[in-house]
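Contents: one structure, followed by commentary.
Protein chains in written order, with the working numbering: chain W, 1 to 397; chain A, 398 to 758; chain E, 759 to 867.
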């Protein structure tokens, strides 16, 4: 920062330096002397705190050559007061699957970003990307060149495939029913064109969770939710169950009574599971990880359509494929993804998410288009209303 | 001028194999079970007997390169340079030597990264950009999160809650943070209809898309002073701000009316009960920077009542299912108003249609 | 909206643009303006194919007051997405729409 630029006073934000939780204000302050942009960001934010309004202009449109997404344009509406944040664009960098890093890789990213931008990041954005927060239009191409040289690429933005993300899966979890990180990497590579060059009616998110605990919230936050599950019996170590009991776990109250389908039976000596009625909810396994584990015939349930409220209201994903085996090269799944994109891309309205599209055209019709047979696992219950579409009717000849 | 190098594009992210510690590579897909020896620490044990300790540390999500380098030093010192981030903006040191666990915890805390967030605790708050970076924010994100987490800090450090507690914040209804399935959601809301910038709207916005963007058909095309613009039927506006998202000439942000709503009882996990949306607890609280005391005390109140009343493993929504919504409002002292009754499309399904009541509760 | 950003187009005069270089009044568009804007998007010369795409966008906008969706654009011009990016390396939204004088595409990022 040049000497003639004044450090902004931030009495309101300084209140957020207090308290035990890590302070984001401190993050800006550590850069305030080094970077004019950090100083002006603090200045503008303090002004927001004073006036209770944001001062960023409506999304701009900037990017790198050859891509239609990955950079979010942002301009300050108070550029005269805070010139260093006149341009404050965000760059989404595609994170490694499972958010694993070495310190070396992180330092490489830091060096690029300190040189070319504000030095402020989000680790990570809501969709999963590494987010570089705040740079100028002129820096975009150089940043892209330096990132790709180091093996990193941009993530998605706009009406495209957004950066797929996943839980840490088999890398560090015994419950993962398929290789979430392997699949995430594979799909991301397979669909690079869809990720970088918007060609859909609206955004499309994919999240992969290894088990029904869904640590990445895929059922609520992704158009395509791929959630690990199994279809044989829960694996059980009876002696480990007894150990939990003797260590003081009230198996009847904590485990059995919380089973949603009442398929557990505990007589004080032995735990019995009616596996034919188990819905793979994970509760008993969560409570007794040393005694119980998902079965051996593992795969995933594929669900479609979740989204936040805009436009027609929030939705959870609903079942498309009750069970699918997921082994490389994941041909069946990729084939299904292509088939679900086709009718939506062709007939979807501008800014219509696939969940809304399916509600508009009818899930039954959508399934016909995609070539998947309807099964009862796809609905909570059959329809209650007697208004039914029939495509044809019989006539006397 | 140097010769122009071939442009590298479409390479995707680096393969994760490059970043996995050897013990993970060797035991990939072979983990047997895990334990939670103390809050903030997980130890995963492989069928081979190999172990890896993960020490979970909170970040404010916004991290400067200076802090990331400090975190790297921590990883180098205790975890051979290996770490990962979680879906809730924590980082985890991936430690192979048990002796490194306690010193790593001590040092992480000393340099400002609290350890916790495992088991039946409150993990980090997932949140959006707020006034730091967003054009449609109805409130700040990071500031509210900081104030709430300062107040609930003990629940991050300890594992004494009935069940996991997941709080999320989104600064407007766009919900980049998809907060709609959290135990407690903090959601920025607008309450004043957008005001059309008539002189510019026709030039900078696509009017048909703008009209289609309104979920309640409150926007109609019109002409004012000879130029095309739109008219808002204010009584139909539900303040979703989608029109502003597609058209900058319909500003909706307003200091007097913007504020924060509180939602409860959602979850994404399939454990016990099925995934569910959060439901409205408090329609509006004022924006009171820098520390949003009304929001903080409202969230704390709900957490306190739930923590005292819920049975083991009952998430907030499961607890409310057991005791009923009338008693939720009674126990928390939150006022039930007409705003709590849904009046958007398909709202009829949320009305009570039975005589089952806990009159004597 | 209007910063004091302007472009000076030979034979046309000064035109107001936004930060991203989109002209603020789509009614002021002309072929000369298109040529000028193309230069700002790394397109030095507008070929017949460029004009086909620009004119398609322009006509669609004049008729419907919106930009066409990408898939429709590809179908009706006969250009696949790869070709569109070859013509306008900064993409159909940032590049082609800007040159065709359409309002800046918006939406959730």
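Glycine included, every Cβ here is placed at the ideal spot set by N, Cα and C. The model shown is predicted, which means the values in this text are computed figures rather than measured ones.
Pairing residue 26 (chain W) with residue 17 (chain W) gives a Cβ-Cβ distance under 8 angstroms. Between residue 684 (chain A) and residue 656 (chain A), the CB-CB gap stays under 8 angstroms. Distance from the CA of residue 548 (chain A) to the CA of residue 697 (chain A), rounded to the nearest whole angstrom, comes to 7 angstroms.
C-alpha of residue 336 (chain W) to C-alpha of residue 278 (chain W): approximately 27 angstroms in a straight line. Closest in C-alpha terms to residue 298 (chain W), from the list W:230, W:334 and W:308, comes W:230.
Per DSSP, the continuous beta strand (DSSP E) segment holding residue 225 (chain W) begins and ends at 224-230.
Residue pairing of residue 656 (chain A) in beta bridges, as defined by DSSP: A:586 and A:683.
Contact annotation: in the stretch 4-36 of chain W, residues whose CB is within less than 7 angstroms of a CB in chain A are 12, 13, 15, 16, 19, 20, 21, 22, 23, 24, 27, 30 and 31. In this chain, residue 440 (chain A) is not harboured by any alpha helix (DSSP H); it is covered by the beta strand (DSSP E) spanning 438-443. Here residue 526 (chain A) is buried. Its C-beta has 16 or more other C-beta atoms within 10 Å. Here the stretch 629-649 of chain A does not lie against the stretch 337-344 of chain W, with fewer than 3 beta-carbon pairs under 8 angstroms apart. In chain order, 334 place their CB closer than 8 angstroms to the CB of residue 190 (chain W), counting only its own chain and leaving out the 5 sequence neighbours on each side. About 14 angstroms separates the CB atoms of residue 9 (chain W) and residue 687 (chain A); that is not less than 8 angstroms, and the two are not in contact.
Nearest CB-CB separation between residue 346 (chain W) and chain E: below the 8 angstroms threshold.
For residue 349 (chain W), no alpha helix (DSSP H) run applies, since DSSP gives it neither H nor E. With respect to the 8 angstroms criterion, residue 233 (chain W) and residue 275 (chain W) are classified as neighbours on the basis of their beta carbons.
Between the stretch 308-316 of chain W and the stretch 580-594 of chain A, the count of C-beta pairs closer than 8 angstroms stays below three; the two stretches do not touch. Chain E has no Cβ within less than 8 angstroms of the Cβ of residue 569 (chain A). Taking 8 angstroms as the threshold, the shortest C-beta distance from residue 628 (chain A) to chain E does not fall below it. Under the three-state reduction of DSSP output, residue 542 (chain A) falls in the helix class. Under the Cβ distance rule, residue 329 (chain W) does not count among the residues neighbouring chain E, no pair being separated by less than 8 angstroms. Our two residues, residue 222 (chain W) and residue 395 (chain W), have alpha carbons roughly 45 angstroms apart in a direct line. For residue 301 (chain W), the uninterrupted beta strand (DSSP E) run begins and ends at 298-304, by DSSP. With a cutoff of 8 angstroms on beta-carbon distance, residue 566 (chain A) and residue 586 (chain A) are scored as not near each other.
Each residue's CA atom was taken as its position, placing residue 483 (chain A) and residue 815 (chain E) some 44 angstroms apart. Closer than 9 angstroms at the C-beta level to chain E, one finds these residues of the stretch 193-210 of chain W: 193, 197, 198, 199, 200, 201, 202 and 203. Counting along the chain, residue 771 (chain E) sits inside the beta strand (DSSP E) bounded by residues 771-774.
Close to chain W, meaning a Cβ-Cβ distance shorter than 7 angstroms, are the following residues of the stretch 408-439 of chain A: 408, 409, 410, 411, 412, 413, 416, 417, 421, 425, 426, 428, 429, 430 and 431. The three-state secondary structure of residue 212 (chain W), taken from DSSP, is coil. The residues 438, 440, 492, 495 and 498, in chain order, have a CB closer than 7 angstroms to that of residue 450 (chain A) in the same chain once the five nearest residues on each side in sequence are set aside.
DSSP, reduced to helix, strand and coil, places residue 22 (chain W) outside both helices and strands of the structure shown, so it counts as coil.
Residue 713 (chain A) and residue 660 (chain A) have their C-alpha atoms spaced approximately 11 angstroms apart.
Between the stretch 97-108 of chain W and the stretch 427-438 of chain A, the count of Cβ pairs shorter than 8 angstroms is below three; the stretches do not touch. Among the residues of chain A, those whose CB is under 8 angstroms from the CB of residue 782 (chain E) are 597, 600 and 601, following chain order. Shown in chain order are the members of the stretch 341-368 of chain W whose Cβ falls below 9 angstroms from a Cβ of chain E: 345, 346, 348, 349, 350 and 351. The Cβ atoms of residue 311 (chain W) and residue 650 (chain A) lie no closer than 8 angstroms to each other.
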